[in-house]
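Residue numbers (my numbering), protein chains in the order written: chain B, 1 to 104; chain U, 1001 to 1104; chain R, 2001 to 2104; chain F, 3001 to 3104.
Just so you know, even glycine gets a beta-carbon here, dropped at the ideal spot from N, CA and C.
Only a predicted model underlies this, so the values are computations on that prediction, with no experimental measurement involved.
Number of protein chains: 4
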Amino acid sequence: MSYEILTKAEIDTAIKQLDGWAVRTDSGQPALEKTYVFSGFNAAFGFVSRVALAAERANHHPEWQNVYNKVCIRWTTHASGGVTSLDLKLAQKSDAIAKDSGQT
Amino acid sequence: MSYEILTKAEIDTAIKQLDGWAVRTDSGQPALEKTYVFSGFNAAFGFVSRVALAAERANHHPEWQNVYNKVCIRWTTHASGGVTSLDLKLAQKSDAIAKDSGQT
Amino acid sequence: MSYEILTKAEIDTAIKQLDGWAVRTDSGQPALEKTYVFSGFNAAFGFVSRVALAAERANHHPEWQNVYNKVCIRWTTHASGGVTSLDLKLAQKSDAIAKDSGQT
Amino acid sequence: MSYEILTKAEIDTAIKQLDGWAVRTDSGQPALEKTYVFSGFNAAFGFVSRVALAAERANHHPEWQNVYNKVCIRWTTHASGGVTSLDLKLAQKSDAIAKDSGQT
């Protein structure tokens, strides 16, 4: 399944309806990025485990990093060269999981 | 580190202050048991991952089973032959994690 | 997607090509069961995490239990009332992951 | 527990006995860094889960990032301002887990 990349205007409209996501372009193609802060490593890793399952379910995987209680996630669609509706869907899913995972 | 087993009276008093834990003796030695229900497999597994980290931190591991959105946990101390203060501590920790993990 | 249950003869033929799987019927419907032993809790939980991802990918989840370095898995298809080709596929996948996860 | 930072010479000697680790200083203080490549996301995440358990056991957590089948780990001791014997120990532990986790 391929996904069409969203225009800059479409992305800007979409992330206004989300909380805390920004468009980053410094790794070569546009990506949605957000940093979550949790109560500690235990909660942060619970979030990571749940997003990993959601990613595997969707067969779409983030670029992410973790330092103790912080998790920074980027969603972008390499096959399409930018941000697609699938990235928006997984950004929303990430937010839903974070709310449920001891996000501070 | 070894832990003294609690008497039946001590366990009964302690689990009155917890929610939903019962003493089971059918696997040979007393154990604290509780079944948690989550919103789905994703949330159940986030809980499992976090309890695994807490167990590894304490070097004390549960007997547990999972079927989709349900996780049944037993805490007992094999080296002591029964329920100890360490089991109570991890039962409380399990409850704290569950509240933070989409428990229904 | 629904899956047809396999006949007893089909299951018997299939598990002869696998290693260590047995048909259990004590929880009401036939299920494939196997117990894996790992080098410790750390390796056992790595296996559990990987099977969880495979299960979520297939949207088909095991009944399983863990005690320290042992993981007992059952695959059965509730919607079909027995063992299906999907259970066989995930039994094979479990074996492949276990070989790659410090199985002793 | 605090750990003394190792001198540059001590680190250089130590990492010669490991495989593929380099000293990085671009995030402000010296850190040991290595990138592992796995057969896919499933194997990469099994490795991540196991290192998370080892980190929690040691109460010492990495800076790490994951993109699909790649995991880049950095070990440094913030409280000490550099690389300590604890970082070396966890670098070795990471290597041992990776060998056991479908590293390609």
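Subject >> CB contact check: R:SER2094 to chain F, cutoff 9 Å >> reply: In terms of beta-carbon proximity, R:SER2094 stays away from the interface with chain F, with every pair separated by 9 Å or more.
Original post:
How far does the beta strand (DSSP E) with F:GLN3004 in it reach, from first residue to last?
Top reply: According to the sequence as given, residue 3004 of chain F is Glu; it is not Gln. Note, F:GLU3004: premise wrong, no beta strand (DSSP E); not H, not E.
Subject >> F:LEU3032, DSSP secondary structure in three states >> reply: Taken through DSSP and simplified to helix, strand or coil, F:LEU3032 comes out as strand.
Subject >> Local conformation of F:ALA3052 per DSSP, three classes >> reply: In this structure, F:ALA3052 counts as helix in the three-state DSSP scheme.
**OP:** For B:VAL67, go through chain F and note every residue whose CB falls closer than 7 Å to its CB, in chain order.
**Re:** Within chain F, the residues near B:VAL67 are GLU3063.
**OP:** Please check the pair F:LEU3090 and F:ALA3054, which I expect to be a contact at CB under 8 Å, by giving their CB distance rounded to whole angstroms.
**Re:** That belief holds up - the Cβ atoms of F:LEU3090 and F:ALA3054 are roughly 7 Å apart, short of 8 Å.
Subject >> Terminal residues of the beta strand (DSSP E) in which F:GLN3065 lies >> reply: Following the DSSP letters along the chain, one finds F:GLN3065 inside the beta strand (DSSP E) bounded by residues 3063–3067.
Subject >> the region 2028–2043 of chain R touching the region 3019–3036 of chain F, judged by at least three CB pairs closer than 8 Å >> reply: Because the criterion of three Cβ pairs below 8 Å is not met, the region 2028–2043 of chain R and the region 3019–3036 of chain F do not touch.
Subject >> DSSP-derived helix/strand/coil call for F:ALA3079 >> reply: F:ALA3079 sits in coil when the DSSP states are folded into three classes, being neither helix nor strand.
Original post:
From what residue to what residue does the alpha helix (DSSP H) around B:SER27 run?
Top reply: For B:SER27, there is no enclosing alpha helix (DSSP H), as DSSP gives it neither H nor E.
Original post:
Roughly how many whole angstroms lie between the Cα atoms of R:ARG2057 and F:ASN3066?
Top reply: Between R:ARG2057 and F:ASN3066, the alpha-carbon positions lie close to 19 Å from each other.
**OP:** My understanding is that F:THR3104 touches F:SER3039, with C-beta atoms under 8 Å, so please give their C-beta distance in whole angstroms.
**Re:** The beta-carbon distance between F:THR3104 and F:SER3039, rounded to whole angstroms, is 5 Å. This is short enough to meet the 8 Å contact definition.
Subject >> Per DSSP, the bridge partner or partners of F:LYS3070 >> reply: DSSP links F:LYS3070 through a beta bridge to F:VAL3037, F:VAL3067.
Subject >> Same chain, Cβ closer than 8 Å to B:GLY82, five either side skipped, listed in chain order >> reply: Cβ neighbours of B:GLY82 beyond the five flanking positions: ILE5, LEU6, GLN29, PRO30, THR76.
**OP:** Express the C-alpha separation of F:PHE3045 and B:ALA14 in angstroms, rounding to a whole number.
**Re:** Distance between the alpha carbons of B:ALA14 and F:PHE3045: 30 Å.
**OP:** Output the boundary residues of the alpha helix (DSSP H) element that contains R:LEU2086.
**Re:** Residues 2085–2099.
Original post:
Going straight from the alpha carbon of B:LYS34 to that of R:TRP2064, what length do you get?
Top reply: Taking the straight line joining both Cα atoms gives about 35 Å.
Subject >> Proximal chain U residues relative to R:ALA2052, where beta-carbon distance stays under 7 Å >> reply: Against R:ALA2052, the close residues of chain U are PHE1045, in the order they occur along the chain (beta-carbon pairs closer than 7 Å).
**OP:** Using beta-carbon positions only, say whether U:THR1094 and U:VAL1051 come within less than 9 Å of one another.
**Re:** Checking the displayed sequence, the identity of residue 1094 of chain U turns out to be Ser instead of Thr. U:VAL1051 is positioned such that its CB atom lies closer than 9 Å to that of U:SER1094.
**OP:** Assign U:ALA1009 to buried or exposed, taking buried as 16 or more other Cβ atoms, counted over all protein chains shown, within 10 Å of its Cβ.
**Re:** Counting C-beta atoms within 10 angstroms of its own C-beta, U:ALA1009 has fewer than 16 neighbours from the protein chains shown and is therefore classed as exposed.
Original post:
Can you find a CB in chain F that lies within less than 9 Å of the CB of U:ARG1024?
Top reply: For U:ARG1024, the nearest beta carbon of chain F is not closer than 9 Å to its own beta carbon.
Original post:
According to the neighbour-count rule (16 or more other Cβ atoms, all chains shown, within 10 Å of its Cβ), is B:ASP100 buried or exposed?
Top reply: By the 10 Å Cβ count, B:ASP100 comes out buried.
Subject >> Separation of U:TYR1068 from R:LEU2024, as counted between CA atoms >> reply: The question names Leu, but residue 2024 of chain R in the sequence shown is Arg. In a straight line, the C-alpha of R:ARG2024 is about 19 Å away from that of U:TYR1068.
Subject >> Nonlocal neighbours in the same chain, by C-beta distance under 7 Å from R:HIS2060, ignoring five residues either side >> reply: Sequence-distant partners of R:HIS2060 (beyond 5 residues in either direction) whose C-beta falls short of 7 Å from its own C-beta, in its chain, are LEU2086, LEU2090.
Original post:
What's the C-alpha gap between F:GLY3102 and R:GLN2092?
Top reply: Here the C-alpha atom of F:GLY3102 lies approximately 16 Å from the C-alpha atom of R:GLN2092.
**OP:** Measuring only between beta-carbons, confirm whether R:ASN2042 sits less than 9 Å from chain B.
**Re:** No, R:ASN2042 does not count as interfacial toward chain B.
Subject >> Residue from R:SER2002, R:ASP2012, R:TYR2003, R:LEU2032 with nearest C-alpha to R:ARG2074 >> reply: Cα-wise, what sits closest to R:ARG2074 is R:LEU2032.
Original post:
Between F:TYR3003 and the rest of its own chain, which residues show a CB-CB distance below 7 Å, the 5 nearest in sequence each way excluded?
Top reply: Cβ neighbours of F:TYR3003 within its own chain (closer than 7 Å, five residues either side excluded): THR3077, SER3080, THR3084, SER3085, LEU3086.
Subject >> Contact with chain U by B:ILE97, beta-carbon distance below 9 Å >> reply: It does: the Cβ of B:ILE97 has a partner Cβ on chain U nearer than 9 Å.
**OP:** Step through the CB atoms of chain R and report whether any lies within less than 9 Å of the CB of B:SER49.
**Re:** So, interface residue.
**OP:** Apply the 10 Å Cβ neighbour rule to F:VAL3071 and answer buried if 16 or more other Cβ atoms are within range, or exposed otherwise.
**Re:** With a threshold of 16 other beta carbon atoms within 10 Å, F:VAL3071 meets it and is buried.
**OP:** Quickly, what does DSSP pair F:ALA3022 with across the bridge? List them, please.
**Re:** Answer is F:GLU3033, bridged to F:ALA3022.
Original post:
Looking at the C-beta of R:GLU2004, does it have a partner C-beta in chain B at a distance below 9 Å?
Top reply: Not one chain B Cβ lies under 9 Å of R:GLU2004.
Original post:
Can you name the residues that DSSP bridges to B:GLN103?
Top reply: Looking at the DSSP assignment, B:GLN103 forms a beta bridge with B:PHE38.
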